[in-house]
Structure formats: C-alpha cells, structure tokens
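What follows is a short report on a single structure.
2 protein chains.
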Amino acid sequence: MKKIEPYTLPGFIEYLPEQQNRFDYLLKVINDTYHKYGYQKVDTPIIHGADILLAKAGGETEKQIYEFEKGDKKLCLRFDQTVPLAKYVAQNYANLYFPFKAMQIGKSYRGERPQRGRFREFYQCDIDCIGEDELSVNYDSEVVSIISEIFNKIGLKFVVCINNRKILNGFFAYLNIKNKQETMRIVDKIDKIGIENVISELEKIGLNNDAINKIVELITYKGNNEEKLNYLTNSSCDNVEFIKGTQELKNVVDNCKLLGVKNLAIDFKISRGLDYYTGTVYETFILGNESVGSICSGGRYDNLADNYTDKKLPGVGISIGLSRLFFVLEDKNLIENYPLQSPLLVLPMGNEQLKYSLKVVKILRENDIVTDIYFNDKKFKAKLNYANKRSIKYVVIIGEEEEKQNVVTFKDMEAHTQEQLDIDEVIKRLKK
Amino acid sequence: MKKIEPYTLPGFIEYLPEQQNRFDYLLKVINDTYHKYGYQKVDTPIIHGADILLAKAGGETEKQIYEFEKGDKKLCLRFDQTVPLAKYVAQNYANLYFPFKAMQIGKSYRGERPQRGRFREFYQCDIDCIGEDELSVNYDSEVVSIISEIFNKIGLKFVVCINNRKILNGFFAYLNIKNKQETMRIVDKIDKIGIENVISELEKIGLNNDAINKIVELITYKGNNEEKLNYLTNSSCDNVEFIKGTQELKNVVDNCKLLGVKNLAIDFKISRGLDYYTGTVYETFILGNESVGSICSGGRYDNLADNYTDKKLPGVGISIGLSRLFFVLEDKNLIENYPLQSPLLVLPMGNEQLKYSLKVVKILRENDIVTDIYFNDKKFKAKLNYANKRSIKYVVIIGEEEEKQNVVTFKDMEAHTQEQLDIDEVIKRLKK
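Printed below as a string of structure tokens:
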C-alpha cells in the first residue's frame, strides 16, 4: 500500500504529550481563574457567514482570513473571538443578564506568513464583562486582579501596565491637536521606534514644538503610581475628558491595591492603537523579556456590538494569546516547576496476577487516583522501561508474593525506593 | 450606522449560559474520567492538507467535507479525530511510547444536510489505546469500564453492547459464505430494517437457507452473558477465528466483572459496519431510548495508520458524539440533578461599602470560592433581581451595619433565608 508522508501544515501546532501536558496546565490555570471570578463560558462556532465576520474587519486582518464557499454561501473561519461574541450578545440579548461576564477559550485562524512563534491556528483566552447602557469602572480593576492572579500562579515575573485613553484624548484636545487618532497611533509605537522617531513623526503630522514637548513630558514621566496620579492631578490641563480619565485611573489603581495586586504600573504611553478602546487600557509584560511584546492586553470599550444592534453595550475585556505565550515561555525557558501529574502505573509481573491487579486498579480509581495499568505481555524490565520513558513518578508492582499478602510494592521512580504497602496506605500517600 | 442581522449558520451550535453550563458538566465528566484512566491529551489541528485527510475517505464522508484553497494548497477541515490521530502517531512515532493512550476532545466538521439533532460542527470525545505490533485484549475491557463510569456519573440508564467481529467472520467462514463483508453489513442493519428484511437481503446476495437459518439463530440468541458465552463454546463451529473471538469476548466479559461493570450485554448482531474493526466492537444505548441509536461506539482495529506508515499499530478506541448526545439528553428530558455551581454573588448596598466589599471578595477568592461581585450603581431591588435571573444560589449582602460589625449577610436565594455571618463561617458553609 502506498504511504502518504504525514505532515502538519506550516503555522499549525501539534504538541508531543509532555509538552501538551504543560500547555494544558497553563490552560487550566487560566480557565479556573476566569471561572473563579464569576465568568461564564461562551463557545461560539469557528465557522460564520462572511457577512457576519467581515462586518467591521479590514486591512491586514481581512487579507488573512480563511474564506471559502459551501453551497452558495460565503463562509469564514473566525479570526478572533470578539466579533463572534458581539454577534452572540446581540443575537441573544433578550436572554442574557447584564453585566454579562463571558469567558471564551478556543482556537482562531489567521493565514499570516508563517514565522517563528506566529501561528495560523492559535488559542486565545478572552474575558469580557459587558454592561447594558452602563458598566461601573470597578469592573476594570477586577480584570487587573485576574491577570495578576493567573501570572502569579504560573510563576511568572511580570508587570501589568495600565493607562486610560481619556487621559491621552483629553490631553491632546487641551493641546488643540486636530489629528488625535494619528497622534495616539504614533505615541503607541514608542517602544518599537523610540522617542526620537516619535518626535519626528509628530512633527511630520504638523504638531508644534510646545505640544510635542508636553506630550513627551507626559509619556516619559518617571515615578511610582502615586507620583504619576499626583502628576495628573496637578496638571494644568483642565480638559473634562482628561479629568474623568484621571479619576477612573485613580479608582482602578486604588481598587487594585485593596484587591492585593502588586504588579500594576501606570504607563502613560500605552493606548492600544485600535479606535475600539475608550477608557482603561492594559498591556502585560514579562520582566526581562519586554521585547517579546505584551502577553495579555485589552481595555474598556463603549460599544461591543454596534454592527449588529442599537443597544449600547459597554464592556471591558482582556485576551491572552495562549499559543504565542506558551511558545515564548518555552523559548525563554520560563516554564518550571509546573505541578504535572503523571498517572500511577500498575505493573502486573505476569498474567497470573491479572485478577488481583484489576481489583487494585478498581479500588485506586474509585478513590480518584489517576491510574494506568500495563497489560502487554513483556519482560518486567521492558515494563519498567516504559514507565521511565513516560516519566511515571510512582509505580505499583504486583507479583505472586504481593497477591498472597494482599499488598502491593510501591516504587518511587525518582527516589529509586520501594516498599510493600497495603492499598489504603498507597491511596493515603498519593492523596497527600 | 447600518446593522447586520446577527445569525448562526444552520447546523452550528451556540448555547445560552445555563445550557452551556450543563454541556460543560458533561464535558468535564468525560474529560476527567478519560484522564483518570491514564489517557493523555492529543490536540490536532482542525485544518489539514487535503492529501492527508482524504487518504482513506470516500463516499458520503468525502462529499460532506469542508474543502477550500489558501494560496495554492488544498485544505480540509477534519471530519473526525481518528484520521488526524493516525497522522499524529505515524508522524511522531519515534517520540511516543506504546501503548500510547490518547484522548481527544474537540470539534469536527461535516457539511451534512441540517436536520434536527444533526450538526455540521460537533464535539467528539475519543479515546484510543494504541499498541506497537501488539496490544493485549485486556485493554478492550478497560474501555467498557470507562464508558460505564461516565454514563453512571451522569445518571443515565444505559447498556453497553459488545461483540467480537472474529466471531461473525469465523462463523461466516465456517458457513462457506464468500461475501463476508456484505453479509456483515446486512446483519449490522437488523435494528433498522428488522429480521425479515435481513433474511430477504441475505437471500438476495445468494446465501442458502441453511446458512441464513444458522446466522439468524446466532444473532437472535436470547440469554445472559454467561449463557451466550456457553452457546459459543458449545457451538459446532470449529473455525479458528471464531474460537479466538470467543476467547477474547470471554476475556473481556470476565475482566469487566472484576472491574465492577454492571451494564454490559453481549449482542451477536453488532458489527459496526466499517471494515476498519477487527475484534471487539461496542455500542451503547440509553434504556428506553434505544431508537436514538448508539451514543458511544468503537472497537478494536489492527492498523491505526496504514495510510501513513508501515508500522503495525493495533488499537482499541471509542468515541462519544457529545453534541448529539447532549441534544438527545435535553430532548428526552434526561438531564437532571446536574451539580451546577453558580457563583456566590456579593452585593454591596451602596458605593460606600466598596472598600469593605473588595476586602470580602478578596478573602473569598483566596479560599477558592467562585465569587462574583455586582458593581453597578442600581437600586438594591434591581441587584437582587439580577441574582435571581442568573439563578444565583447564595448572595452575600454588605451594608453599613455589616461593615461596622465586620460580618456579612448570607442569603440563601432558594430557601429565602438570611443570617449574619463572619466571613470564615461563609467559607466553611460553602466548602461543605
């Protein structure tokens, strides 16, 4: 029979079991933490009508979309989870209760040029807290608490950088800048292109020296959060939006302190480019690896679903690009001490011990011990070898003697120790 | 701004939050049980090269495949998880250890004609235990134990029907039947077309009366498992394959008894149509709802990946069509008493209690209590109303008095009772 050479498409991921194990640990921490904060799972299809998905898309994103026809219908694979969520909330508006806290963990698709650490099929982990007409700014602080808890749990050294778009918008208005969007975009690029280039680009779009100097002073202002809030409060800027943004930012920072968040830093240069955001904005960086970019971003928006409904649905959300984050963590050797569970492996010495072994396995599983059993008829050395290759930590060996005495031999594969125990004692040790 | 009417494509599923909650409970039971038996997660891409996915496909399946081009490459969405797993194992053969116990829970795609309870995007939950050259038949019994544990946990009345293809194959050979595959396919249809039609179809393909009578006697033989095994043992059929199949079936049934399985029934008419299966075959039925068909099927095969490799990879696997199963359970009102957790909801009476409320929330979450907090500035009645609509079971109310006394008011929304408790007491009650 002719064989087909097996391959995975470029930009698509398949992990080997141990790697998958680590990935799943990350996924579980994120899932469980989102859940703990009262978020409810939303699972939207991966395929949508092109008219739905392309309602707002454009530019780079639209070029990357997987689009195809089935019957006479144009279909697309989702390129993020925000557009499908907007559709979902608009469509199910009458059956949802607001604030609606939605969590989404799933795959999205972009036909990007494949390159190191960029994927065409990737996991995103999103939360969005969506209000009806209004949404308290206090929800913005809760989001920081969640990010912080997740990255602390996985043992990362990180900082959540926060800003408020109203501060920049109000400040630009106060400086009589006409092209506020463009100014925002240029400021947003500072980490990529440096302050000198920001200044020259601002000059190019016609800002005067005074305005540029004041912007540079703001976005490069050094100090801790309290000093930065004081700087805003003492600013001569009397723009209403600026003042509102300052209050919101102070509110979020104060709440975060009460929630025990330690890794929050105000950063006036963050604006998240997109016009979509209107208030709080977040970016998260790994300390010492800031150059890989933000690993978790998001912000406050005024209207989740204005393509699909007249209802005003303000919200605040963040997204963790999990496939990319996992790549970075592995690449930078930042994954360590994950509490990975290998199953307990039961090794019957021979077929004669099958009955007793099945009895042992049954009891272990009834006690929720993750248990595997090796059934193939191999030499005992081959069985132990299999346990080693699979990085099994504990093995239970069952031979003639063990069956006679109604015990098992409990072997610690790492410590290279073994002892005879009764089954209850094995369960007790593993439950610790 | 012009609005686009939000819609979901026919055959695609979106659940409302409470429904999603029930679906997720099912998903978790399946996931955790698979895991407990030592299965390791495999997560293959949804998109593959057409040459990979269509290596073996044909007929109905091939017509239903979502196929498209990106660049100059023909791509397909996976229509099941078995073909991608075969590819994965062939490709990663050198880095896997056998028996390799793979679990896959994910979405697959078939452009079927949409009809009630049939979906174009659907979840499948698969396990496959794959050996290298050989795989003990004892693994076949473990699979029954897993199915049984899952359906017991979700409170279903069910039966796992089991047979062995070798018995049918050997019996047909003993009867000198030339067209064994076709005979198998006709026998497999008995539940759909009835015994009369089976007989007339067997006549049509040229079987003589004696052969037909003996087949009918076998597949309609009544008795418990022991009686059926005796019937086989006492059969005059001396075909080697028949005898081997009988031994395997006896082995599996005996092991299942040791593993505490109570819902297993031998059924000689089951064969799972596909040529793929070579030994044990399984089908699972909901008692009283047999007509919806098997809710979990699978079997033993000789070669997982012969399209991609020369290695002999025998295995045994089952699949739960979760989206379909969930539809049936809801449709037949078989979902009850799912232990669904609603978050604890903290309701500050007013903004003055924000600080104390955040402190309370922080402590609750540190103790792993799933906790939500309502921040919007609404009348208290509206806040309670929100809790009711979301089916929240417990509410924590925080007013001036509670803050002064460093307690909270703990309200049971179902029992309509409330009392003042300190936070530790709340945690203690919820952890129970």
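Just so you know, the protein sequences line up as chains A and B, in that order.
Count the first sequence with this note's numbering and you get residues 68 to 499, in order.
Count the second sequence with this note's numbering and you get residues 68 to 499, in order.
Using N, Cα and C, we set each Cβ at its ideal position, and we do this for glycine too.
So what's residue 213 (chain A) in DSSP terms, helix, strand or just coil? In the three-state DSSP reduction, residue 213 (chain A) falls in the helix class (H, G or I).
Do the CB positions of residue 432 (chain B) and residue 348 (chain B) come within less than 8 Å of each other? Taking 8 Å as the Cβ cut-off, residue 432 (chain B) and residue 348 (chain B) do not qualify as a contacting pair.
Could you name each continuous beta strand (DSSP E) segment of 3 residues or more that falls completely within the region 355-385 of chain A, going from the start of the chain to the end? If one requires a minimum length of 3 residues, the beta strand (DSSP E) runs lying completely within the region 355-385 of chain A are 363-368, in chain order.
Closest Cβ-Cβ distance between residue 438 (chain B) and chain A: below 8 Å? It does: the Cβ of residue 438 (chain B) has a partner Cβ on chain A nearer than 8 Å.
Neighbour-count burial assignment, residue 487 (chain B), 16 or more Cβ in a 10 Å radius: With fewer than 16 other Cβ atoms within 10 Å, it is exposed.
Just how far apart, CA to CA, sit residue 135 (chain B) and residue 119 (chain B)? In a straight line, the C-alpha of residue 135 (chain B) is about 14 Å away from that of residue 119 (chain B).
Distance, Cα to Cα, residue 281 (chain B) vs residue 295 (chain B)? Cα-Cα distance, rounded: 15 Å.
Residues from the region 310-338 of chain B in contact with chain A, defined by Cβ distance under 8 Å: The region 310-338 of chain B vs chain A, Cβ under 8 Å: 322, 325, 326, 327.
Using the beta-carbon count (16 or more within 10 Å), is residue 398 (chain B) buried or exposed? Of the residues assessed, residue 398 (chain B) falls on the exposed side of the cut-off, its CB having fewer than 16 other CB atoms within 10 angstroms.
C-alpha gap between residue 353 (chain B) and residue 394 (chain B), whole angstroms: When rounded, the separation of the alpha-carbon atoms in residue 353 (chain B) and residue 394 (chain B) is 13 Å.
Give the single residue among A:154, A:390, A:102, A:475 whose Cα lies nearest to the Cα of residue 466 (chain A). Of A:154, A:390, A:102, A:475, the residue nearest in Cα terms is A:475.
8 Å is my cut-off, CB to CB: does residue 159 (chain A) come that close to chain B? By this cut-off, residue 159 (chain A) is an interface position.
Could you tell me the alpha carbon to alpha carbon distance between residue 309 (chain B) and residue 217 (chain A), rounded to whole angstroms? Near 57 Å, if we compare the C-alpha coordinates of residue 217 (chain A) and residue 309 (chain B).
I'd like the span of the alpha helix (DSSP H) that includes residue 241 (chain B), first residue to last. Counted as a single uninterrupted DSSP element, the alpha helix (DSSP H) harbouring residue 241 (chain B) occupies residues 232-241.
Relative to the C-alpha of residue 201 (chain B), which residue among B:406, B:375, B:367, B:482 is closest? In terms of CA proximity to residue 201 (chain B), B:367 leads the group B:406, B:375, B:367, B:482.
Reducing DSSP to helix, strand and coil, say where residue 263 (chain A) ends up. Under the three-state reduction of DSSP output, residue 263 (chain A) falls in the helix class.
Going straight from the alpha carbon of residue 360 (chain A) to that of residue 85 (chain A), what length do you get? Their Cα atoms are separated by approximately 27 Å.
Let me know if residue 472 (chain A) comes out buried or exposed under the rule of 16 or more other beta-carbons within 10 Å of its beta-carbon. By the neighbour-count rule (16 or more Cβ atoms within 10 Å), residue 472 (chain A) is not buried but exposed.
Element boundaries [beta strand (DSSP E), containing residue 350 (chain A)]: Note, residue 350 (chain A): beta strand (DSSP E), 344-353.
Where residue 174 (chain B) and residue 334 (chain B) are concerned, what is the direct C-alpha to C-alpha distance, given to the nearest angstrom? Put simply, the backbone Cα of residue 174 (chain B) is about 31 Å away from that of residue 334 (chain B).
Output yes or no for whether 8 Å exceeds the beta carbon distance between residue 131 (chain A) and residue 179 (chain A). Their beta carbons are under 8 Å apart, which means residue 131 (chain A) touches residue 179 (chain A) by this criterion.
Any beta-carbon of chain A closer than 8 Å to the one on residue 501 (chain B)? With chain B represented from 68 up to 499, any question about residue 501 (chain B) goes unanswered, as that position is not in the structure.
For residue 460 (chain B), which three-state DSSP category applies? Reduced to three states, the DSSP call for residue 460 (chain B) is coil.
Could you check what DSSP says for residue 488 (chain B) in three-state terms: helix, strand or coil? Correct three-state label for residue 488 (chain B): strand.
Kindly indicate if chain A contains any beta-carbon less than 8 Å away from that of residue 105 (chain B). Closer than 8 Å to the CB of residue 105 (chain B) there is at least one CB belonging to chain A.
Tell me, please, whether the CB atom of residue 170 (chain A) is closer than 8 Å to any CB atom in chain B? No, its Cβ sits nowhere closer than 8 Å to a Cβ of chain B.
Option nearest residue 91 (chain B) by Cα separation, candidates B:238, B:389, B:269, B:167: Looking at the Cα atoms, B:389 is the closest of the given residues.
Residue 424 (chain B), DSSP secondary structure in three states: Note: residue 424 (chain B) maps to helix in three-state DSSP.
At the level of alpha carbons, what is the spacing between residue 204 (chain B) and residue 378 (chain B)? A direct Cα-Cα distance of roughly 19 Å separates residue 204 (chain B) from residue 378 (chain B).
Bridge partners - residue 252 (chain B), DSSP secondary structure assignment: Answer is none; residue 252 (chain B) lacks a bridge partner.
Touch test, the region 160-173 of chain B against the region 410-428 of chain B, Cβ-Cβ under 8 Å, three pairs minimum: They do not touch, by the three-pair rule.
Can you check DSSP and say which residues form a bridge with residue 229 (chain B)? Answer by DSSP bridge pairing, in chain order: B:333, B:349.
Can you check which of these residues, A:332, A:307, A:408, A:225, is closest to residue 459 (chain A) by C-alpha distance? The shortest C-alpha separation from residue 459 (chain A) is found at A:408.
If we cut at 8 Å on Cβ distances, does residue 179 (chain B) have a partner in chain A? So no, residue 179 (chain B) is outside the interface.
Nearest to residue 441 (chain A) by CA position, among B:206, B:99, B:289, B:87, is which residue? Its Cα nearest to that of residue 441 (chain A), the residue B:206 stands out among B:206, B:99, B:289, B:87.
Straight-line Cα distance separating residue 392 (chain A) from residue 302 (chain A): Straight-line Cα distance between these residues: approximately 38 Å.
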